[in-house]
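Basically my numbering = 1-based index in the sequence shown + 6.
Each residue gets a CB set at the ideal place from its N, CA and C atoms; glycine is no exception.
In what follows, a structure is listed as C-alpha cells, so that the remarks can point back to it.
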Amino acid sequence: MTKFRPCIDLHNGRVKQIVGGSLSADERELLTNFESEQPAGYYARMYRQDALTGGHVIKLGPGNDAAAREALGAYPGGLQVGGGIQADNAADWLTAGASHIIVTSWLFDAEGHFLPERLNRLVDEVGKERLVLDLSCRGQENGWVVAMNRWQTPTDLNVDVATIVELASSCDEFLVHAADVEGKCEGVDAHLVEFLGKYSPIPVTYAGGANCYEDLERVNCLSRGKVDLTIGSALDLFGGTQIRYSDCVAWNRGV
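And the structure:
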C-alpha cells in the first residue's frame, strides 16, 4: 500500500514550499508558496510524534546545514537528507542522524554526464542500504530525463526501464520529484507514477503536484501500492487548503 511520506524543504535556513521549476542560481524568478515561522526541528518532532517514517529533508541551496542538522537531531534515524551530498560528507550526515543520504547532482559532471564511478564510490563509503538516488526529472518527448542543479539542468540520464533496473542494484530507494509539476498543486504526473510502480524493483517515493487527499488512493491504484507519496504545498501544514495533515497521518495508520 502507498504511504504518505513527510518532507522538510529548506531554503536559506527556513522551511519553505517552492515551485520547483522556479529554482535557479540567481533566484530572481523564485516562486515561494509558503515560508514557515517554525524551525525545521518543529516539523521533525511532529513527524516523530506521529510515527511517520521515510520522510526527507531537502537542502535547496547553501545556508541550510544548521537547519538540516536540527531536524535530524530532533528525529534521529527517522529522516533522509539530500542537497549537496557527496562522498566526502555523506558519512557525516549519517552521523548527524540521517537514516539515508539522498544524492543527485554529484553523480554528474558540469555538463550533466552521468559518472558511474562516483556512484560506486558512494556505495563503498556508506553502503547501498543507506543510499537514496534522487531521480527527479523533467518530461521530454518520449519520457523523462533526470534534472540536476535544483532541477534546472537536464542530464544525459533518462528515467527509463534500463536506468531504473540498473541503478536499483546500487541503492535502497528512489526519490522522484516531478519537477514540471512540483509545487503547482495541479495534480500528480499519473504516467510517471504508473511507470515507477510497474518497473522499479525497489521502494520509490514520488513528489509533485498532489492537490487532494484522494491522490493517496490514486497513487496507490496507479502504482499498485508500490509508490509512496510526498505532499507539500497542498498540505495545511504548509499553508495549503486542499489536504489536511491529520488525514494523511490517519491514512498511514490504516495502511
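Proximity below 8 Å, CB of residue i to CB of residue j
i: I107; j: V87; result: yes
i: C143; j: A80; result: no
i: G260; j: S229; result: no
i: V233; j: Y205; result: no
i: Q248; j: A256; result: no
Three-state class that DSSP yields for residue i in the structure shown
i: K22; result: strand
i: L6; result: Shown here, the chain extends from 7 to 261; a query on residue 6 therefore has no answer.
i: H197; result: helix
i: G88; result: strand
i: A50; result: helix
i: V187; result: coil
Which listed residue (the options) has its alpha carbon closest to that of residue i
i: G193; options: Y205, F244, A102, E220; result: E220
i: G238; options: G231, G215, S229; result: G215
i: R11; options: S175, I24, L85; result: L85
i: Q55; options: P82, G246, Q158; result: P82
i: Q158; options: Q23, F201, L66; result: L66
i: S111; options: L16, Q23, I91, T236; result: I91
i: P68; options: L16, E200, I170; result: L16
i: D162; options: V171, Q146, K134; result: Q146
Residue-chain proximity (residue i, chain C), Cβ-Cβ < 8 Å
i: S206; result: Included in the structure is just one protein chain, with no chain C present.
Residue burial classification, residue i (beta-carbon count within 10 angstroms, cutoff 16)
i: M7; result: exposed
i: D186; result: buried
i: G60; result: buried
i: N18; result: exposed
Practice task
Report yes or no: do three or more beta-carbon pairs, one from the stretch 180 to 188 and one from the stretch 129 to 144, lie closer than 8 Å?
Solution key: Three or more Cβ pairs closer than 8 Å define a contact, and the stretch 180 to 188 meets that threshold against the stretch 129 to 144.
Problem - Inter-stretch contact (C-beta, 8 Å, three-pair minimum) for the stretch 97 to 105 and the stretch 116 to 128 - result: No, the stretch 97 to 105 is not in contact with the stretch 116 to 128.
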